[in-house]
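Below is one structure; the comments refer to it alone.
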Amino acid sequence: MTDHTASLAALVGSRLCHDLISPIGAIQNGLELVALAGGAETGAEMALIQDSCDSASARIKFFRVAFGSANDGQSIGSRDAAATLEAITRTTRMTAQWAAADKMARANVQLAYLAFLCCESALPLGGTVAIEGGDSRIRVEATGRRVAIHEGAWSFLAGGGHLDDLTPDKVQFALLSTLVRDRGRTLSARPAEDRIEITIG
-18 MTDHTASLAA LVGSRLCHDL ISPIGAIQNG LELVALAGGA ETGAEMALIQ
32 DSCDSASARI KFFRVAFGSA NDGQSIGSRD AAATLEAITR TTRMTAQWAA
82 ADKMARANVQ LAYLAFLCCE SALPLGGTVA IEGGDSRIRV EATGRRVAIH
132 EGAWSFLAGG GHLDDLTPDK VQFALLSTLV RDRGRTLSAR PAEDRIEITI
182 G
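Going by this note's numbering, the first residue of the sequence shown is number -18, and it counts up by one from there.
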């Protein structure tokens, strides 16, 4: 994946997330109006729609950082980064612990989020992903009852890999590897039977 291709993919990701978040927000606002107008008799159905909208909104917000463009000078506070992770794991078997610096460059939060996705894909029974560090060094550690490593995907984090071997749900491996290399950073990934550690220096 070339620098130009990665940049173009990031812009596409940002555009998609930007265009999708507005209609989902409109649906959420509509649900609030229905509730205010006395739509309580359909409480169970409304709650299901509301939960689905909340989940979709959280995912899009997360994807906008993970797969979107990250310009110089942009930063994300620790509280916002943690809240976004909490929102996307709320109804899953995953737990995210954000213990990184109070504020990080958006580009580095992007790397941390991509590393989270890599770990998540290797924990089919759920688990815990802890993220710590700051702009100069990011450490992501994941633990779970079962760790399932897709060799073709994880080979990207070791400096190899072939795009033809990837499925859409593993694209984060190629993107993380590309962004780390393009930004002059280092990447270490150590998957084991019961835990995974990814370090970005």
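By construction, the Cβ of each residue, glycine as well, lies at the ideal position given by its N, Cα and C atoms.
Item to complete: Please classify Ala25: is it buried, with 16 or more other beta-carbons within 10 angstroms of its beta-carbon, or exposed?
Response: exposed
Item to complete: Please specify which runs of the beta strand (DSSP E), each continuous and at least 3 residues long, are wholly inside the segment 101 to 162, giving them in chain order.
Response: 108 to 114 and 119 to 125
Practice prompt. If I'm right that Leu147 touches Cys99 with Cβ under 8 angstroms, what's the distance once you round it to whole angstroms?
Written response: Not really, about 12 angstroms apart at Cβ, beyond 8 angstroms.
Worksheet item: Of all the options Pro149, Ala111 and Ala47, which has the alpha carbon lying nearest to the alpha carbon of Ala77?
Response: Ala111
Discussion item. One question on the structure: do Ala63 and Trp79 come within less than 8 angstroms of each other, judged by their Cβ atoms?
Written reply: yes
Worksheet item: In the DSSP assignment, what are the bridge partners of Arg171?
Response: Glu178
Practice prompt. Would you identify the three-state DSSP class for Ser56, choosing helix, strand or coil?
Written response: strand
Discussion item. Spatial neighbours of Gly142 within its chain, please: C-beta separation below 8 angstroms, excluding the five flanking residues on both sides.
Written reply: Gly133, Ala134, Ser136, Phe154, Ala155 and Ser158
Fill in: Neighbourhood of Arg74 by C-beta distance below 6 angstroms, restricted to the same chain and skipping five residues each side
Gly107
Discussion item. Just verifying my parser: in three-state terms, what is the DSSP assignment at Ala62?
Written reply: helix
Worksheet item: Considering only the beta carbon of each residue, do Ala86 and Val121 sit closer than 8 angstroms?
Response: no
Discussion item. By the three-class DSSP mapping on this structure, what secondary structure does Ala88 have?
Written reply: helix
Worksheet item: Taking the alpha carbon of Arg176 as the point to measure from, which residue in Gly140, Asp35, Leu104 and Leu138 has its own alpha carbon closest?
Response: Leu104
Worksheet item: What residues match up with Met27 in a beta bridge as DSSP calls it?
Response: Paired residues: none, contrary to the question.
Discussion item. Would Pro172 and Ile130 be called neighbours here (beta carbons separated by less than 8 angstroms)?
Written reply: yes
Discussion item. Please report the straight-line C-alpha distance between Ala123 and Met27, rounded to a whole angstrom.
Written reply: 35 angstroms
Item to complete: Kindly give me the distance between the Cβ atoms of Leu92 and Val161, rounded to whole angstroms, as I take these residues to be in contact under 8 angstroms.
Response: 7 angstroms
Practice prompt. Measure from the alpha carbon of Ala51 to the alpha carbon of each residue in Arg164, Ile179, Ala82 and Ile30, then state which is nearest.
Written response: Arg164
Worksheet item: What does DSSP give as the partner residues of Thr76 in its beta bridges?
Response: Thr109
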